[in-house]
Each structure stands twice: as structure tokens, then as C-alpha cells.
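Visitor: Chains as they are written, first to last, in this note's numbering: chain A, 681 to 795; chain B, 681 to 795. Idealized CB from N, CA, C, for every residue including glycine. The structure's right below; bear with me while I get my questions together.
Protein chains: 2
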Amino acid sequence: MNCDHEQLHHLAAQAAKENMPAEEAIERVAAAFKSISEPSRLKILFALRQGEMCVFHIVEAVGGTQSAVSHQLRILKDNHIIKSRRDGQNIVYSLADEHVVAVLELACSHLNCKI
Amino acid sequence: MNCDHEQLHHLAAQAAKENMPAEEAIERVAAAFKSISEPSRLKILFALRQGEMCVFHIVEAVGGTQSAVSHQLRILKDNHIIKSRRDGQNIVYSLADEHVVAVLELACSHLNCKI
DNA sequence: TTAATATATGAATACTTATTCATATATTGA
DNA sequence: TCAATATATGAATAAGTATTCATATATTAA
């Protein structure tokens, strides 16, 4: 190994090792991002920006089958990206917190795309 | 379909449909999140928070084989999460822009985890 | 130009995950 | 209690992807 900034990079590598988050934290972050990294699930999140909705209307908004949407909702909920409450026969879903919208908007500004 | 907020949810569904980003934009956002949703790649990003580093030192910081790290770097670069420049025999990598750190920090505050 | 070093990459395999289909559960109204 | 409606879920298949291994490319020093 031999580069102009060898010393500098080595220090950065050492610091990186010391400050590396615990494996468990990394896996949680990874799981959270993974859950918002599928087009079908992103559509659900973009839909829920308009306000809470029950499954029937989410299906209406994003397309696909009820079963597929339901599976995706579960993944989003397990990862605390969305939350739900029962309202009679319906389950009403909404975004878990403001971080979700914030992170979507950051991604879009990073990519220069309108949302 | 029949729920207390039927009218309200229906309006949200209509609005969601109208404001749904284009398929192409959704796929770009999805690809960007996908690229930061694997533990091995997240480690690289956390490492690069300490500053730019060449591949040798990234491997040192995150573990794994040179080949695996190199494949992961390519995915991150293709998705504009990191950038690179050549420095003699070395390729020096760094985070593409401040959005990357910001999105990582948002995720962590969402999950209440230290980074 | 050759050897050594740093990094990248194609192909194969193993693993992960999305979707579908069939069916189960839960709530409501009759 | 029964039928209808809304939602969830297990299993199977299909599609996607991480890692490994072998090797290629690029740069430097001799």
C-alpha cells in the first residue's frame, strides 16, 4: 500500500473503525432503507403523503393486487415506516413520523427529481 | 368498500394518484435507497464520514475482501452516493454530497440509534 | 519494458425477496 | 349466528443480488 495520503487515509481508516456503529445498529438502518427501496413500497409512501388511507384506497392509488399491497404494508410497518389503526372493518395506514417525508425529500433533492 | 372516512380517503387516493411521481423517478429513488440498504455498503458510508479513503483503507475499515468491497463501491458510485478520483495507483473515494450524511443521520434519529 | 502493486470486473453460486394464489382472520350488519 | 366485506398471511415460484474466485486493467518504480 502506498499513496500520497497514506498517513492521512490510515488515520481516517482507524477513526472509521473506532466510530463504526455496532453491527446491530447497522442492520437496523439497512433494514429501514431496504424497506423503502422497492418501487412498490415507495409508491405507497408517496401515496400516504396525501394523508392516511385504508388498504382499499391504497390499492386504488398504487395499483397491484390487494395481497401484494398487504404484504408490502406489513414490511413497512415492521420497519416502523408506517403505522396503522383499525377503524371498523378497515385498517387505516399513515406515515410513522416526519422523518419519513424528510428522508424522501432529501433523496429527491439529491437526485434532482420532483416529488 | 365502506369506512367512516370513505369520502376523505377516496379524495386522498385521488390526490395520491395525481401526485404520484413518474415511474422513472420512483425507480431512481428506489435504486438510490437500495444502494444504501445493504450492511456492507452502509459500513463503507459510515467509514467515509471520516474523510476520503482509498480502497485499501476502506477494506481495512470495513473488513471483507478487496473484490467484494470493490463491487460494492461500484454500486455506490453508479448511484451517485460516492465519488472517486485517481491518485497515482490509488482510487480515492468520498461521499458524493452532504445529502448522504444527512439521510444517514435522519435514519438514525428515526431509529433512535447512535452513529 | 518488466515486475509489483492497486483496483476493477465477469461468471457462477448462494442467498434474499417480491409476487401470486389460496385461504385465514376479523368486523359488521342482517 | 350467518353472510358479506376488509385485510392478512403461508407457501411456492420467480426474480434479483451479494459474494467468491479467477483474472483483467492501470499505474508506478526499477
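List the DSSP bridge partners of ASP758 (chain A).
Guide: Indexing the first sequence from 1 puts residue 758 (chain A) at position 78. Answer is none; ASP758 (chain A) lacks a bridge partner.
Visitor: Anything in chain B within Cβ reach of LYS714 (chain A), meaning under 9 Å, just list it in chain order.
Guide: Position 34 of the first sequence, counted from the start, is the residue given in the question as residue 714 (chain A). Simply PHE713, LYS714, SER717, GLU718.
Visitor: Please report the distance separating the alpha-carbon of LEU691 (chain A) from that of SER774 (chain B).
Guide: Working through the first sequence from its first residue, we reach residue 691 (chain A) at position 11. Working through the second sequence from its first residue, we reach residue 774 (chain B) at position 94. Spanning the two alpha carbons is a distance of roughly 15 Å.
Visitor: How many Å lie between ASN699 (chain A) and HIS790 (chain A) at the Cα?
Guide: Numbered from 1 along the first sequence, position 19 holds the residue referred to as residue 699 (chain A). Numbered from 1 along the first sequence, position 110 holds the residue referred to as residue 790 (chain A). Spanning the two alpha carbons is a distance of roughly 25 Å.
Visitor: Can you pull the chain A residues whose beta carbon is under 8 Å from the beta carbon of ASP758 (chain B), in chain order?
Guide: The residue given as residue 758 (chain B) occupies position 78 in the second sequence. Residues of chain A passing the Cβ test: none, with the nearest at roughly 13 Å.
Visitor: Using DSSP with H/G/I as helix, E/B as strand and the rest coil, what is CYS734 (chain A)?
Guide: To locate residue 734 (chain A), count along the first sequence from 1; it is residue 54. DSSP places CYS734 (chain A) in strand when its eight states are reduced to three.
Visitor: Would you grab the beta carbon distance between VAL783 (chain B) and ARG729 (chain B) for me? Rounded to a whole angstrom, and I think it's under 8 Å.
Guide: Here residue 783 (chain B) is taken as the residue at index 103 of the second sequence, counted from 1. Here residue 729 (chain B) is taken as the residue at index 49 of the second sequence, counted from 1. About 12 Å separates the two Cβ atoms, so there is no contact after all.
Visitor: Can you tell me whether SER717 (chain A) is helix, strand or coil according to DSSP?
Guide: As a first step, residue 717 (chain A) must be located in the first sequence, where it is residue number 37. Coil.
Visitor: Determine which residues of the region 728 to 755 of chain B have a Cβ less than 8 Å from any Cβ of chain A, and write them out in chain order.
Guide: Cβ contacts with chain A come from LEU728, ARG729, GLN730, GLY731, GLU732, MET733, CYS734, PHE736, HIS737, ILE738, GLU740, ALA741, VAL742.
Visitor: Since ALA710 (chain B) and SER715 (chain A) are thought to touch, with beta carbons under 8 Å apart, how far apart are those beta carbons, to the nearest angstrom?
Guide: Here the question's residue 710 (chain B) lines up with position 30 in the second sequence. Here the question's residue 715 (chain A) lines up with position 35 in the first sequence. Their Cβ separation, rounded to whole angstroms, is 11 Å, which puts ALA710 (chain B) and SER715 (chain A) out of contact at 8 Å.
Visitor: So which residues on chain A does SER764 (chain B) lean against when the C-beta distance must stay under 9 Å?
Guide: Walking along the second sequence from the start, residue 764 (chain B) turns up at place 84. Within chain A, no residue comes near SER764 (chain B); the closest Cβ sits about 13 Å away, beyond 9 Å.
Visitor: Using the C-alpha atoms, what's the distance from GLN752 (chain B) back to GLN769 (chain B)?
Guide: Along the second sequence, one-based indexing puts residue 769 (chain B) at 89. Along the second sequence, one-based indexing puts residue 752 (chain B) at 72. Using only the alpha carbons, I get a separation of about 20 Å.
Visitor: Name the chain B residues whose beta carbon is nearer than 7 Å to that of LEU722 (chain A)?
Guide: What you label residue 722 (chain A) is simply residue 42 of the first sequence in a count that begins at 1. Simply ILE706, VAL709, ALA710.
Visitor: Compute the beta-carbon to beta-carbon distance between ALA741 (chain A) and ILE761 (chain A), rounded to the nearest angstrom, for a pair I have assumed lies under 8 Å.
Guide: Locating residue 741 (chain A) in the first sequence gives position 61, counting from the first residue. Locating residue 761 (chain A) in the first sequence gives position 81, counting from the first residue. With 8 Å as the limit, ALA741 (chain A) and ILE761 (chain A) do not qualify as a contact, their Cβ atoms being about 17 Å apart.
Visitor: Indicate whether at least one CB of chain A lies closer than 8 Å to the CB of SER783 (chain B).
Guide: On the second sequence, position 103 is the one that residue 783 (chain B) refers to. Per the sequence shown, the amino acid found at residue 783 (chain B) is Val instead of Ser. Answer yes: the Cβ-Cβ gap between VAL783 (chain B) and chain A drops below 8 Å somewhere.
Visitor: Sorted by chain position, which residues of the same chain lie with C-beta nearer than 7 Å to ASN759 (chain B)'s C-beta, five sequence neighbours on each side aside?
Guide: The sequence position of residue 759 (chain B) within the second sequence is 79, counting from 1. Excluding positions up to five away in sequence, the list reads ALA711, ALA712, SER715.
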